[in-house]
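Participant:
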Amino acid sequence: MGFSLLTAQSKTGFEKEKSEITTMLDTFNAMAAKADYIAYFNLFAEESTFIGTDATEIWDKKAFMVWAKPYFDKKKTWNFKALKRNIYFSKDGKLAWFDELLDTQMKICRGSGVVEKINGSWKVKQYVLSMTVPNEVVDKVVTEKAPIEDALIKKLKS
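Sequential numbering from 1 applies to the sequence shown in UniProt numbering.
Written out as structure tokens, the structure is:
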């Protein structure tokens, strides 16, 4: 299904938009790596959300800027490089969503999100960063995180 969607979209003129989004997302990652606070956050829409790898990490743009500022100030940011990326479009081409595999200091992570064309430029509306867990080690990872997340589950259910 994904293949036919991409094939259909390439025939309907989304190649330019796909190229623009690819450039924007590569710039997004590069500006984080360079600790360029202004350039990085200018790629977010004013109303946007960043969801991190920890279950408690969900921020609107302003809150994420506050959280990230000390890392940018100390030049202790993150350096993500896309290994593979898929981009999909709404019928009118003004909204797109993506998923990507990233080479990071946490090994392979998945970035996914939604971008919107706002005043002629693609902006991140939502970005979700997830750590991937190889099936061969899922049981070990669950054992490690269970005590921490059991407490969070209990709190969220109450």
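Ideal Cβ positions, reconstructed from N, Cα and C, are used throughout, including at glycine.
Note that the structure is a prediction, hence the values are computed from the model and not measured.
Is the beta carbon of Lys107 closer than 9 Å to that of Thr132?
Facilitator: Counting from 1 along the sequence shown, the entry for residue 132 is found at position 132. Counting from 1 along the sequence shown, the entry for residue 107 is found at position 107. Yes, they are a contact pair.
Participant: Whose C-alpha, out of Lys140, Ser112, Tyr37, Ala96, is nearest the C-alpha of Thr53?
Facilitator: For this step, residue 53 is matched to residue 53 along the sequence shown. Among Lys140, Ser112, Tyr37, Ala96, the Cα nearest to that of Thr53 is on Ser112.
Participant: With a threshold of 8 Å, are at least 3 pairs of Cβ atoms found where one atom belongs to the stretch 43-50 and the other to the stretch 60-74?
Facilitator: As far as the Cβ criterion goes, the stretch 43-50 touches the stretch 60-74, which means the pair count is three or higher.
Participant: When the Cα atoms are used, what is the spatial distance from Asn29 to Lys81?
Facilitator: Sequence index remark: in the sequence shown, residue 29 carries index 29 (1-based). Sequence index remark: in the sequence shown, residue 81 carries index 81 (1-based). Distance between the alpha carbons of Asn29 and Lys81: 7 Å.
Participant: Identify which residue in Ser48, Leu95, Thr27, Lys34 has its Cα closest to the Cα of Phe14.
Facilitator: Here the question's residue 14 lines up with position 14 in the sequence shown. Among Ser48, Leu95, Thr27, Lys34, the Cα nearest to that of Phe14 is on Leu95.
Participant: Give the range of the alpha helix (DSSP H) segment to which Lys140 is assigned.
Facilitator: The count along the sequence shown starts at 1 and reaches residue 140 at position 140. From DSSP, the alpha helix (DSSP H) with Lys140 extends over 138-157.
Participant: On the DSSP bridge assignment, give the partners of Leu101 in chain order.
Facilitator: Stepping through the sequence shown from its first residue, residue 101 is reached at position 101. DSSP lists Lys84, Arg110 as partners of Leu101.
Participant: Between which two residues does the beta strand (DSSP E) harbouring Leu25 extend?
Facilitator: The residue given as residue 25 occupies position 25 in the sequence shown. Premise fails: Leu25 lies in the alpha helix (DSSP H), 15-33, not in any beta strand (DSSP E).
Participant: Roughly how many whole angstroms lie between the Cα atoms of Leu25 and Gln105?
Facilitator: In the sequence shown, counting from the first residue as 1, residue 25 sits at position 25. In the sequence shown, counting from the first residue as 1, residue 105 sits at position 105. Cα to Cα, Leu25 sits roughly 18 Å from Gln105.
Participant: Per DSSP, which residues does Met131 bridge with? Please list them.
Facilitator: Position 131 of the sequence shown, counted from the first residue, corresponds to residue 131. Answer by DSSP bridge pairing, in chain order: Cys109.
Participant: Could you give the DSSP three-state label for Lys125: helix, strand or coil?
Facilitator: Position 125 of the sequence shown, counted from the start, is the residue given in the question as residue 125. Reduced to three states, the DSSP call for Lys125 is strand.
Participant: CA-CA distance, Trp59 and Ile38?
Facilitator: Residue 59 sits at position 59 when you count from the first residue of the sequence shown. Residue 38 sits at position 38 when you count from the first residue of the sequence shown. Whole-angstrom Cα-Cα distance: 17 Å.
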